[in-house]
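Undergrad:
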Amino acid sequence: MSNNDIIVSLDIGTSKVRAIIGEVNNGTFNIIGVGSADSEGIRKGAIVDIDQTVQSIRSAVDHAERMVGIQISEVYVGISGNTIGLQSSHGVVAVSNEDREIGEEDIERVLKAAEVVALPPDREIIDVVAKQYVVDGLEGIHDPRGMIGVRLEVEAIIITGAKTAIHNLLRCVEKAGLKIKDLVLMSLGAGQLALSKDEKTMGSVLVDIGAGSTTIAVFEAGAIAATSSLPIGGEFVTNDIAYGLRTLTDQAEKVKLKYGCALMADAAPDVTFKVVRIGSNVEKEFTQEDLAAIVEPRVQEIFHLIREEVKRLGYSELPGGYILTGGTVSMPGVLQVAQSELAASVRIAVPDYIGVRDPGYTSGVGVLHNVIRNIRVRSTNNTASANTSNVKKTVNRPKANPATNSESAQNPGIIERLKKMFSEFI
Numbered sequence: 001m002s003n004n005d006i007i008v009s010l011d012i013g014t015s016k017v018r019a020i021i022g023e024v025n026n027g028t029f030n031i032i033g034v035g036s037a038d039s040e041g042i043r044k045g046a047i048v049d050i051d052q053t054v055q056s057i058r059s060a061v062d063h064a065e066r067m068v069g070i071q072i073s074e075v076y077v078g079i080s081g082n083t084i085g086l087q088s089s090h091g092v093v094a095v096s097n098e099d100r101e102i103g104e105e106d107i108e109r110v111l112k113a114a115e116v117v118a119l120p121p122d123r124e125i126i127d128v129v130a131k132q133y134v135v136d137g138l139e140g141i142h143d144p145r146g147m148i149g150v151r152l153e154v155e156a157i158i159i160t161g162a163k164t165a166i167h168n169l170l171r172c173v174e175k176a177g178l179k180i181k182d183l184v185l186m187s188l189g190a191g192q193l194a195l196s197k198d199e200k201t202m203g204s205v206l207v208d209i210g211a212g213s214t215t216i217a218v219f220e221a222g223a224i225a226a227t228s229s230l231p232i233g234g235e236f237v238t239n240d241i242a243y244g245l246r247t248l249t250d251q252a253e254k255v256k257l258k259y260g261c262a263l264m265a266d267a268a269p270d271v272t273f274k275v276v277r278i279g280s281n282v283e284k285e286f287t288q289e290d291l292a293a294i295v296e297p298r299v300q301e302i303f304h305l306i307r308e309e310v311k312r313l314g315y316s317e318l319p320g321g322y323i324l325t326g327g328t329v330s331m332p333g334v335l336q337v338a339q340s341e342l343a344a345s346v347r348i349a350v351p352d353y354i355g356v357r358d359p360g361y362t363s364g365v366g367v368l369h370n371v372i373r374n375i376r377v378r379s380t381n382n383t384a385s386a387n388t389s390n391v392k393k394t395v396n397r398p399k400a401n402p403a404t405n406s407e408s409a410q411n412p413g414i415i416e417r418l419k420k421m422f423s424e425f426i
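Heads up: the sequence shown begins at 1 in the UniProt record's numbering, then just goes up one per residue.
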């Protein structure tokens, strides 16, 4: 395996740091390794301790390296959080090729033109996503490469983030001894992986419920239209369990993962467990129903806040409904509570790759999916342009034929003789 065939994504979350290794082999994409480590130094999706975060990244990367037996040097880093902002932009360029065929260079130039926007000094551009291209007034074009035109325009979404948050993230990854290939908005990657073409076109909401924060991304007309982040997540459920059962947070997390149920109607009264009460060594027994009585109200509140936030963003009813991802949605009963609270069609998105069939991996795999998609588009167009240039060379070769050259060399002689004939008559 050469390193060119391998790409690695880094998902730095509140509870877990995940390094996912993907391999591109003969056009097919597979996940070949996953490394996971408990996340330290992250609170509600934001970095609060550089050194602890660096240690967590190293642990996750080491785990992934041991699984596959390779050394990871470059990573694509996923970014999310409440510092992310979207704004519309428009770029226009003249097609540079003599034959007026739009190529990769024209696409890059028009996207660069779209980047020229006024930004506050504390913000930085993360990515530019094309909503549609316009060639000589013709709208609705998603890939104009190979088309003939004079004027190329793009309607784009500029993804920006707070400079401090971006630089702290980059600093942590660099201190962990890794080179950053690119930053990828996790909502964008997860949306490309989890949402169907129709869901993105008709309009849908991707909800990533992590441990410390919930990220909401609205997709409409085939592109990301709005994004927001709420400082709530699975940690709140864990804290409620710790308070309700009067136990330690670590024990509350273990109980949640093993016996947690978000719907009291599905909880079993005969399933029991014991926890050590805080401040003593005494164990007390509880049932799954007792646990569900604590969990259900908090999960209901999370989905109520999600619905209100989507309304605040200006979207009431979207035909595609809600698509849920994130580690928290793995809990039994979450889907039923979501359907009840959101009053819309709801489904849970799970990556369809061996080793990562869990909603918690959707964002990390989505980052790889986004990278692979861009690489494939570029390689396809490079191959097409190479083929075109080969055709042109083949067509041009006869012109360099010696016989043709000798004919063209004879032409001036014929003209001169004709001139002489006419001059004799004159």
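For every residue, glycine included, the Cβ atom is placed at its ideal position computed from N, Cα and C.
Can you grab the Cα-Cα spacing for the pair arginine 171 / alanine 46, in whole Å?
TA: Distance between the alpha carbons of arginine 171 and alanine 46: 13 angstroms.
Undergrad: Arginine 43 to aspartate 143, Cα distance in whole Å?
TA: C-alpha separation (whole angstroms): 40 angstroms.
Undergrad: With DSSP run on the structure shown, which of helix, strand or coil describes tyrosine 243?
TA: Helix.
Undergrad: From which residue to which residue does the alpha helix (DSSP H) around leucine 193 run?
TA: Segment 186 to 194, the alpha helix (DSSP H) holding leucine 193.
Undergrad: Any chance the CB of glycine 244 is under 7 angstroms from a heavy atom of the ligand FMN?
TA: Looking for the ligand FMN in the displayed structure turns up nothing, as the structure carries no ligands at all.
Undergrad: What are the boundary residues of the beta strand (DSSP E) that includes glutamate 155?
TA: Taken as a continuous stretch (DSSP letters only), the beta strand (DSSP E) holding glutamate 155 covers 151 to 162.
Undergrad: For the alpha helix (DSSP H) holding serine 340, just list the boundary residues, first then last.
TA: Unbroken alpha helix (DSSP H) run through serine 340: 334 to 342.
Undergrad: Judging by CA-CA distance, which residue of Leu318, Pro359, Thr28 and Glu285 is the nearest neighbour of leucine 335?
TA: Of the listed residues, the one whose Cα sits closest to leucine 335 is Pro359.
Undergrad: Please work out which residues of its chain come closer than 8 angstroms, Cβ to Cβ, to histidine 90, disregarding the five sequence neighbours upstream and downstream, and give them in chain order.
TA: Excluding positions up to five away in sequence, the list reads Ala114, Glu153, Val154, Glu155 and Ala156.
Undergrad: Write down the C-beta distance between isoleucine 102 and arginine 145 rounded to the nearest angstrom, noting that I regard them as a contact closer than 8 angstroms.
TA: Their Cβ separation, rounded to whole angstroms, is 6 angstroms, which keeps isoleucine 102 and arginine 145 in contact under 8 angstroms.
Undergrad: For the stretch 345 to 361 against the stretch 7 to 20, are there 3 or more C-beta pairs whose distance is under 8 angstroms?
TA: Touching, yes, given that three or more Cβ pairs across the two stretches are closer than 8 angstroms.
Undergrad: Using only the alpha-carbon positions, how far apart do isoleucine 414 and arginine 100 sit?
TA: Low per-residue confidence applies at isoleucine 414: pLDDT is 46, beneath 50, and the placement is therefore not dependable, though the value from the model is reported in the following sentence. Taking the straight line joining both Cα atoms gives about 37 angstroms.
Undergrad: Assuming contact is defined by CB atoms lying nearer than 8 angstroms, are serine 96 and leucine 178 in contact in what I supplied?
TA: No. Outside cutoff.
Undergrad: For valine 276, which of Asp250, Val129, Ala343 and Asn168 has the nearest alpha-carbon?
TA: Taking only the C-alpha atoms, the option nearest valine 276 is Asp250.
Undergrad: Considering only residues of the same chain and omitting the five flanking positions on each side of valine 17, which have a CB-CB separation below 6 angstroms?
TA: The answer, listed in chain order, is Ala37, Ser39, Ser56, Ile57 and Ala60.
Undergrad: How should threonine 227 be labelled, buried or exposed, when 16 other C-beta atoms within 10 angstroms of its C-beta is the threshold for buried?
TA: Flag for threonine 227 reads buried.
Undergrad: Three or more C-beta pairs under 8 angstroms: does that hold for the stretch 291 to 299 against the stretch 262 to 269?
TA: Result yes; three or more Cβ-Cβ pairs closer than 8 angstroms.
Undergrad: State the DSSP-derived secondary structure class of glutamine 71, mapped to helix, strand or coil.
TA: Of the three classes helix, strand and coil, the one that applies to glutamine 71 here is coil, per DSSP.
Undergrad: Given this structure, state the Cα-to-Cα distance separating valine 134 from glutamate 98, to the nearest angstrom.
TA: Taking the straight line from one Cα to the other gives about 19 angstroms.
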